[in-house]
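For reference, each letter of the sequence shown is one residue, going 802 to 976 in our numbering.
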Amino acid sequence: MSKEYPCVEFEMELGVSSQMRVGRLMFWTSEGNGVSIPASAGLPGWQEAGHWMLKGKGPIPPSCVLGAGRPYLLSLVAEQRPNDKGIEGPFYRISPNSVRVSKEVERNGFGFHMDRNVIGSSGCIVPVEQVRGRDIYWNEAVLTLGEWRQRTGQQVVPLWVRYWGDGEVAHVGMA
(Lines of atoms letter the chains of each structure in order from A; the text may use other names.)
(Lines give C-alpha, C1' and ligand atoms only; values in the text may rest on other atoms or scores of the structure.)
Protein backbone atom coordinates (compact mmCIF):
# COMPACT_ATOMS: atom_id res chain seq x y z
CA MET A 802 0.00 0.00 0.00
CA SER A 803 1.34 3.44 -0.80
CA LYS A 804 1.27 6.37 1.58
CA GLU A 805 -0.83 9.44 1.06
CA TYR A 806 1.12 12.66 1.45
CA PRO A 807 1.34 14.66 3.53
CA CYS A 808 1.16 12.15 6.38
CA VAL A 809 2.48 11.53 9.87
CA GLU A 810 4.05 8.37 11.29
CA PHE A 811 4.65 7.58 14.96
CA GLU A 812 6.83 4.63 15.85
CA MET A 813 8.29 3.49 19.14
CA GLU A 814 10.00 0.44 20.54
CA LEU A 815 8.08 -1.11 23.42
CA GLY A 816 9.77 -2.84 26.34
CA VAL A 817 10.20 -3.06 30.09
CA SER A 818 11.41 0.22 31.60
CA SER A 819 10.50 2.54 34.43
CA GLN A 820 11.81 5.43 32.29
CA MET A 821 9.94 7.17 29.49
CA ARG A 822 10.46 5.32 26.21
CA VAL A 823 11.10 7.63 23.27
CA GLY A 824 10.07 7.06 19.68
CA ARG A 825 9.88 9.24 16.58
CA LEU A 826 7.06 11.32 15.16
CA MET A 827 7.72 11.93 11.47
CA PHE A 828 5.95 14.51 9.36
CA TRP A 829 6.20 13.62 5.66
CA THR A 830 5.50 16.30 3.04
CA SER A 831 3.86 15.70 -0.33
CA GLU A 832 7.36 15.93 -1.81
CA GLY A 833 8.48 12.99 0.36
CA ASN A 834 10.65 15.16 2.63
CA GLY A 835 10.35 14.68 6.35
CA VAL A 836 10.75 16.33 9.71
CA SER A 837 11.31 13.99 12.63
CA ILE A 838 10.93 14.81 16.32
CA PRO A 839 11.41 12.67 19.44
CA ALA A 840 8.00 11.77 20.85
CA SER A 841 6.37 9.32 23.20
CA ALA A 842 2.99 7.84 24.09
CA GLY A 843 1.88 6.23 27.33
CA LEU A 844 3.08 6.71 30.89
CA PRO A 845 6.55 5.63 32.09
CA GLY A 846 6.37 1.98 33.16
CA TRP A 847 3.34 1.40 30.92
CA GLN A 848 5.03 1.14 27.53
CA GLU A 849 5.46 -2.61 27.18
CA ALA A 850 4.01 -4.95 24.56
CA GLY A 851 0.23 -4.98 24.85
CA HIS A 852 0.07 -1.96 27.17
CA TRP A 853 -1.65 -0.07 24.34
CA MET A 854 -4.74 -2.00 25.46
CA LEU A 855 -4.71 -0.30 28.90
CA LYS A 856 -6.98 2.70 29.46
CA GLY A 857 -5.42 5.76 31.07
CA LYS A 858 -1.86 4.35 31.08
CA GLY A 859 -0.77 2.76 27.82
CA PRO A 860 0.23 4.33 24.50
CA ILE A 861 -2.21 4.97 21.67
CA PRO A 862 -3.14 1.64 20.03
CA PRO A 863 -1.33 0.83 16.76
CA SER A 864 -3.03 1.58 13.44
CA CYS A 865 -3.50 -2.12 12.72
CA VAL A 866 -6.37 -2.27 15.28
CA LEU A 867 -8.35 0.02 12.94
CA GLY A 868 -8.23 -2.58 10.16
CA ALA A 869 -5.79 -3.46 7.41
CA GLY A 870 -4.30 -0.43 5.71
CA ARG A 871 -6.40 2.08 7.66
CA PRO A 872 -4.63 5.00 9.39
CA TYR A 873 -5.76 7.28 12.16
CA LEU A 874 -6.50 10.87 11.11
CA LEU A 875 -4.63 13.75 12.76
CA SER A 876 -6.51 17.03 12.80
CA LEU A 877 -4.69 20.06 11.41
CA VAL A 878 -7.04 22.28 13.40
CA ALA A 879 -5.91 22.99 16.97
CA GLU A 880 -8.36 22.91 19.87
CA GLN A 881 -7.88 24.59 23.24
CA ARG A 882 -8.46 22.30 26.25
CA PRO A 883 -7.69 24.48 29.30
CA ASN A 884 -9.52 22.21 31.75
CA ASP A 885 -7.69 19.01 30.81
CA LYS A 886 -4.87 18.29 33.27
CA GLY A 887 -1.69 17.36 31.46
CA ILE A 888 -2.53 19.18 28.23
CA GLU A 889 -0.62 22.40 27.67
CA GLY A 890 -1.61 24.68 24.79
CA PRO A 891 -3.07 23.49 21.48
CA PHE A 892 -4.53 19.98 21.20
CA TYR A 893 -4.67 18.21 17.83
CA ARG A 894 -7.38 15.53 17.90
CA ILE A 895 -6.64 12.04 16.59
CA SER A 896 -9.61 10.17 15.07
CA PRO A 897 -11.30 7.85 15.42
CA ASN A 898 -11.80 9.19 18.91
CA SER A 899 -12.77 5.74 20.21
CA VAL A 900 -11.10 2.40 19.36
CA ARG A 901 -12.14 -1.06 20.56
CA VAL A 902 -8.93 -2.96 21.42
CA SER A 903 -10.61 -6.07 22.84
CA LYS A 904 -14.07 -7.40 23.56
CA GLU A 905 -14.01 -5.64 26.95
CA VAL A 906 -11.81 -2.59 26.38
CA GLU A 907 -12.39 0.58 24.39
CA ARG A 908 -9.73 3.32 24.30
CA ASN A 909 -10.55 6.96 23.54
CA GLY A 910 -9.51 10.60 23.78
CA PHE A 911 -6.43 10.48 21.54
CA GLY A 912 -4.50 13.58 20.51
CA PHE A 913 -1.15 15.23 19.91
CA HIS A 914 -0.22 17.92 22.41
CA MET A 915 2.52 19.51 24.49
CA ASP A 916 2.81 17.91 27.90
CA ARG A 917 4.03 19.93 30.88
CA ASN A 918 2.10 18.90 33.98
CA VAL A 919 2.97 15.19 34.15
CA ILE A 920 5.58 12.99 32.48
CA GLY A 921 4.10 10.98 29.66
CA SER A 922 0.55 10.69 28.38
CA SER A 923 -2.36 8.35 28.79
CA GLY A 924 -2.87 7.57 25.12
CA CYS A 925 -1.82 10.79 23.41
CA ILE A 926 1.37 11.43 21.47
CA VAL A 927 3.63 14.06 23.05
CA PRO A 928 7.00 15.55 22.03
CA VAL A 929 9.78 14.77 24.51
CA GLU A 930 12.92 16.61 25.50
CA GLN A 931 16.22 15.20 24.32
CA VAL A 932 19.11 17.15 22.82
CA ARG A 933 17.14 20.32 22.11
CA GLY A 934 14.38 21.68 24.30
CA ARG A 935 11.01 20.14 23.58
CA ASP A 936 9.49 23.57 22.96
CA ILE A 937 11.61 23.72 19.82
CA TYR A 938 10.30 20.31 18.71
CA TRP A 939 6.73 21.33 19.53
CA ASN A 940 7.09 24.60 17.62
CA GLU A 941 8.52 22.71 14.63
CA ALA A 942 5.55 20.32 14.66
CA VAL A 943 2.94 23.08 15.01
CA LEU A 944 4.53 25.06 12.17
CA THR A 945 4.51 21.98 9.94
CA LEU A 946 0.83 21.22 10.68
CA GLY A 947 -0.13 24.87 10.07
CA GLU A 948 1.77 25.00 6.78
CA TRP A 949 0.08 21.81 5.59
CA ARG A 950 -3.36 23.15 6.42
CA GLN A 951 -2.66 26.44 4.66
CA ARG A 952 -1.06 24.85 1.59
CA THR A 953 -3.44 21.91 1.08
CA GLY A 954 -6.69 23.17 2.60
CA GLN A 955 -6.99 19.79 4.31
CA GLN A 956 -8.46 19.51 7.81
CA VAL A 957 -6.83 16.13 8.59
CA VAL A 958 -3.84 14.03 7.51
CA PRO A 959 -3.25 10.27 7.81
CA LEU A 960 -1.41 9.16 10.97
CA TRP A 961 0.23 5.73 11.07
CA VAL A 962 1.11 4.28 14.49
CA ARG A 963 3.38 1.26 14.91
CA TYR A 964 5.34 -0.46 17.65
CA TRP A 965 8.03 -3.11 17.76
CA GLY A 966 10.14 -4.90 20.36
CA ASP A 967 9.41 -6.97 23.47
CA GLY A 968 7.49 -9.53 21.41
CA GLU A 969 5.22 -6.84 19.93
CA VAL A 970 3.85 -7.57 16.49
CA ALA A 971 1.59 -4.54 16.19
CA HIS A 972 2.60 -2.88 12.96
CA VAL A 973 1.00 -1.48 9.86
CA GLY A 974 1.72 -1.94 6.19
CA MET A 975 3.36 1.37 5.39
CA ALA A 976 5.11 1.71 2.06
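Ideal Cβ placement from N, Cα and C applies to all residues, glycine included.
Outcome for residue i when other beta-carbon atoms lying within 10 angstroms are tallied against a minimum of 16
| i | result |
| --- | --- |
| Val878 | exposed |
| Ile895 | buried |
| Gln881 | exposed |
| Thr945 | buried |
| Val973 | Its pLDDT being 41, under 50, Val973 is placed unreliably by the model, and nothing is read from it. |
| Ile937 | exposed |
| Val866 | buried |
| Pro862 | buried |
| Arg952 | exposed |
| Gly954 | exposed |
| Ala869 | exposed |
| Gly857 | exposed |
| Ser864 | buried |
| Val900 | buried |
| Pro897 | exposed |
| Val929 | buried |
| Val809 | buried |
| Asn884 | exposed |
| Ser923 | buried |
Per DSSP, the bridge partner or partners of residue i
| i | result |
| --- | --- |
| His914 | Phe892 |
| Ile926 | Ala842, Phe913 |
| Met821 | For Met821, which the question treats as bridged, DSSP gives no partner whatsoever. |
| Glu907 | Arg901 |
Run of the beta strand (DSSP E) containing residue i, from where it starts to where it stops
| i | result |
| --- | --- |
| Met827 | 824-829 |
| Arg901 | 899-901 |
| Glu832 | It is not in any beta strand (DSSP E) - Glu832 carries neither H nor E in the DSSP assignment. |
| Val962 | 957-965 |
| Val809 | 808-814 |
*Stretch pair the stretch 834-845 + the stretch 896-909: three plus CB contacts closer than 8 angstroms*: no
*Three or more C-beta pairs closer than 8 angstroms, one from the stretch 866-883 and one from the stretch 940-960: is that the case here?*
yes
*At what residue ranges does the stretch 857-882 contain a whole run of the beta strand (DSSP E), taking only runs of 3 or more?*
873-876
*Flag this pair as touching only if the stretch 841-851 and the stretch 819-827 have three or more C-beta atom pairs under 8 angstroms; answer yes or no.*
yes
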